[in-house]
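First the structure, in the form of structure tokens, and then the observations on it.
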Amino acid sequence: MNELIQAYQSLFPFRQGTKSIETIDQLKASIRIEILDELTHPRVRKNPSEKLKIAIDRIEKSSIGLQEKVMLKDVYETVYQTVNS
Numbered sequence: 003m004n005e006l007i008q009a010y011q012s013l014f015p016f017r018q019g020t021k022s023i024e025t026i027d028q029l030k031a032s033i034r035i036e037i038l039d040e041l042t043h044p045r046v047r048k049n050p051s052e053k054l055k056i057a058i059d060r061i062e063k064s065s066i067g068l069q070e071k072v073m074l075k076d077v078y079e080t081v082y083q084t085v086n087s
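Take the position in the sequence shown, starting the count at 1, then add 2; the result is the number in the working numbering.
Written out as structure tokens, the structure is:
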């Protein structure tokens, strides 16, 4: 799972708090914040499905390994399902 956290950190090297992620729960919390667009002003927030699509596109276009891409997309989709239910 450490590879998963490193893959996420490599996707967002300048995002606040990314380097301090050490556990899968912290990773999921960070992804939840991203999907809910909590760091954006409420008037310009995107809906969770748009944020998921943006994240999946970024993962697909990244240079991380195929296995890490699949695992990261799975985590994003799992978090999205919990947020959207």
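The C-beta atom is built at its ideal place from N, Cα and C for all residues, glycine as well.
**Prompt:** Taking DSSP as the reference, what is the three-state secondary structure of Pro15?
**Reply:** Stepping through the sequence shown from its first residue, residue 15 is reached at position 13. It is coil, neither helix nor strand.
**Request:** Spatial neighbours of Leu41 within its chain, please: CB distance less than 7 Å, with the 5 preceding and 5 following residues excluded, ordered by chain position.
**Result:** The residue labelled residue 41 in the question sits at position 39 within the sequence shown. Excluding positions up to five away in sequence, the list reads Ile35.
**Item:** 7 Å CB neighbourhood of Lys53 in its chain, flanking five on each side removed
**Value:** For the purposes of this step, residue 53 is taken as residue 51 along the sequence shown, with counting starting at 1. Apart from sequence neighbours up to five positions away, the residues of its chain that approach Lys53 with a beta-carbon distance below 7 Å are Glu36, Ile37 and Asp39, ordered along the chain.
**Item:** Pair within 8 Å by beta-carbon distance, Ile61 and Lys75
**Value:** The count along the sequence shown starts at 1 and reaches residue 61 at position 59. The count along the sequence shown starts at 1 and reaches residue 75 at position 73. Between Ile61 and Lys75, the gap from beta carbon to beta carbon is short of 8 Å.
**Asked** To which residues of the same chain is Ser85 closer than 8 Å at the C-beta, ignoring the five residues directly before and after it?
**Response** The sequence position of residue 85 within the sequence shown is 83, counting from 1. Note that residue 85 is Val in the sequence shown here, rather than Ser. The answer, listed in chain order, is Arg34, Ile37, Leu38 and Pro50.
**Item:** Coil, strand or helix - Asn2 by DSSP
**Value:** Beyond the ends of the chain as shown, which are 3 and 87, falls residue 2; an answer cannot be given.
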